[in-house]
Amino acid sequence: MPKDVLFLLPPGFEANGRREFCPECAEIWGVLSYFPAIRDAVDIVHVGLEHPRAEIVALIGEGRHNAPTLVLHPDTQVHPDVDVQEANGLRYLPSARSIARHFAHRYGTPVPRGS
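Numbers 204 to 318, taken from my numbering, label the letters of the sequence shown in order.
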């Protein structure tokens, strides 16, 4: 795994009989849009809406399939104020806010308001 791996739902999908989007994934899509260099620094994997999301579960285990999730490369340094989880010997960030805080420390972007 040469880069951190970012798991995101697509910008739009069919659910509940209508077109929907994931607000947390949209937040990260916005960060990537504001700071496109980050897109080159991470591997982005699009996952489907259905659970379990096999691509995420394969790395961090059953019951862990939230999107967005950032699975960290073993050499990735993480700032102490970022809430890092661990499973299957891997570290990961399971929320948009923790991912955005990590990006702020790692890539010098602004921190999310209210965090």
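Even for Gly, the Cβ is constructed at its ideal location relative to N, Cα and C.
- Residue pairing by DSSP puts L211 in a beta bridge opposite H249.
- Our two residues, N219 and L252, have alpha carbons roughly 11 angstroms apart in a direct line.
- Distances from the CA of A270 to each of S298, V245, Q288, I263 were compared; the closest alpha carbon is that of S298.
- Inter-segment contact for the segment 252 to 261 and the segment 280 to 287 is absent: fewer than three beta-carbon pairs are separated by less than 8 angstroms.
- Restricting attention to V260, E217, R222, the CA atom closest to the CA of V208 is found in V260.
- Counting of Cβ neighbours within 10 angstroms places S318 among the exposed residues, the total staying below 16.
- Around the Cβ of R222, a 10 Å sphere holds fewer than 16 other Cβ atoms; the residue is exposed.
- Out of T272, D246, K206, P239, the CA that lies nearest to the CA of L296 is found in T272.
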